[in-house]
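A.B. asks: Under this note's numbering, the sequence shown has 179 at position 177, and the numbering climbs by one with no breaks.
Glycine included, C-beta positions come from ideal geometry on N, C-alpha and C.
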Amino acid sequence: MTATVKKALKHLLDIGVTELYHANSVLTSCEFLRQGALLSRGTIEALKLRQTSQYTDRLDKHYNIWNDVFVDTVDIHHRGRMPNDYGPVMFVLDTEKLMNELSTGVIGFTQYNPSKWGSVKVSRRWFADLEAVEEEFDVNDFDHMVVFRHCGGHVSLKNSLKRIVVDAPEDVEGMGVDLFSYALGSLKHAMHLGPKTCTVERRECRAGCGCKATYEADLDRVRKMYRPFLQKA
3 MTATVKKALK HLLDIGVTEL YHANSVLTSC EFLRQGALLS RGTIEALKLR
53 QTSQYTDRLD KHYNIWNDVF VDTVDIHHRG RMPNDYGPVM FVLDTEKLMN
103 ELSTGVIGFT QYNPSKWGSV KVSRRWFADL EAVEEEFDVN DFDHMVVFRH
153 CGGHVSLKNS LKRIVVDAPE DVEGMGVDLF SYALGSLKHA MHLGPKTCTV
203 ERRECRAGCG CKATYEADLD RVRKMYRPFL QKA
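#1: Classify T45 as buried or exposed, calling it buried when 16 or more other Cβ atoms lie within 10 Å of its own Cβ.
#2: Once DSSP output is grouped into helix, strand and coil, what is the label at S183?
#3: Please list the terminal residues of the continuous beta strand (DSSP E) segment that includes M92.
#4: Considering only the beta carbon of each residue, do V168 and V202 sit closer than 8 Å?
#5: Would the beta-carbon of I109 fall within 8 Å of that of T4?
#6: What distance in whole Å lies between the Cβ atoms of L22 and L313, which are believed to be in contact at a cut-off of 8 Å?
#7: Between the beta-carbon of C32 and the beta-carbon of A170, is there less than 8 Å?
#8: What are the start and end residues of the beta strand (DSSP E) that includes T201?
#9: Under a three-way DSSP split, which group does Y217 fall into?
#10: Which word fits T30, buried or exposed, when buried means at least 16 other C-beta atoms lie within 10 angstroms of its C-beta?
#11: Buried or exposed for Y88, please, with buried defined as at least 16 other CB atoms from any protein chain shown within 10 angstroms of its CB.
#12: Between D145 and chain D, is any beta-carbon pair separated by less than 8 Å?
#13: If you pair each beta-carbon of the stretch 152 to 159 with each one of the stretch 57 to 72, do three or more pairs fall below 8 Å?
#14: Give the range of the beta strand (DSSP E) segment to which S158 is assigned.
#15: Buried or exposed, going by whether 16 or more other CB atoms sit within 10 Å of the CB of H194?
#16: Per DSSP, which one or two residues make a beta bridge with F72?
#17: Which stretch, first to last residue, makes up the beta strand (DSSP E) that contains R36?
#18: Check for me: the alpha helix (DSSP H) holding R165 runs from which residue to which?
#19: Identify the continuous beta strand (DSSP E) that holds G110 and give its terminal residues.
#20: What separation, rounded to the nearest whole angstrom, lies between the Cα atoms of Y184 and D131?
#21: Can you tell which of I78, E98, D96, T97 has the C-alpha that lies nearest to the C-alpha of P90?
#22: I'd like the list of long-range same chain contacts for L14, defined as Cβ closer than 6 Å, with 5 residues on each side in sequence excluded.
#23: Please determine, among L41, V7, K226, the residue with the shortest C-alpha to C-alpha distance to E103.
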């Protein structure tokens with residue numbers, strides 16, 4: 003299912019979605035800032051830019067969504083008290099300004115994260131039409147995502163980027179660095195090489211957040227997601 007930008011915008015604003023969110027790694031986020039846009043996985047690859055691999059890459063190619071840009075309607079880390087699987091850097095976007103910047107493309111709404119599409123019927127992957135979205139789309143369901151399609155894999159951040167929030171679990175055992183400071187320097191440098199600057203905030207976790215324990219359980223993933231360069235083979 004796809005909807006025109008204006009119709010999608012009206013619905014999102016009607017249900018109170020005034021901000022949209024995109025999480026990624028430090029490395030990929032730096033490329034976004036240098037380019038002044040959220041870029042699809044396929045666009046970054048075509049432009050020969052750098053990006054951190056994601057667990058959904060193979061599936062994105064298989065399902066022909068490699069050139070689409072995905073955003074969430076809630077801050078998953080805050081709402082779910084857990085790290086976002088796609089990375090510790092979160093772009094916070096003004097919904098109306100973002101939609102107004104789009105000159106091409108359409109909007110799709112997923113019923114399930116594509117990582118789950120192999121076990122659901124094709125007809126259940128996307129909401130069938132805007133009426134179904136209006137009736138069933140739930141901002142509390144993390145599978146329900148907004149997808150920018152047929153937009154050249156490029157969603158400008160020129161006017162819509164409000165701030166960036168970085169996960170900052172303190173004293174992650176085995177890392178030996180302050181993760182927020184580690185990310186901040188790279189993001190600020192990339193930002194000043196690009197067309198847009200904004201504030202970069204340290205995430206303040208809710209009581210009971212399990213991000214520190216999650217990070218400590220997989221230090222290799224932490225290094226991968228916070229590393230501002232590609233690891234040599």
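C.D. replies: On the basis of the supplied data:
#1: buried
#2: When secondary structure is reduced to three states using DSSP, S183 falls in the helix class.
#3: 91 to 96
#4: yes
#5: yes
#6: The structure shown has nothing for residue 313, since the chain only spans 3 to 235.
#7: no
#8: 201 to 204
#9: helix
#10: buried
#11: buried
#12: Among the chains of the structure shown, chain D does not appear; only one protein chain is present.
#13: Yes, they touch.
#14: S158 -> beta strand (DSSP E) spans 156 to 158.
#15: Its Cβ having fewer than 16 others within 10 Å, H194 is exposed.
#16: V149
#17: In the DSSP assignment, R36 falls outside any beta strand (DSSP E) and within the unbroken alpha helix (DSSP H) covering 28 to 37.
#18: Careful: R165 lies outside any alpha helix (DSSP H), inside the beta strand (DSSP E) at 163 to 168.
#19: 108 to 111
#20: 43 Å
#21: Closest by C-alpha distance to P90, out of I78, E98, D96, T97, is I78.
#22: Excluding positions up to five away in sequence, the list reads T97.
#23: Nearest of L41, V7, K226 to E103, Cα basis: V7.
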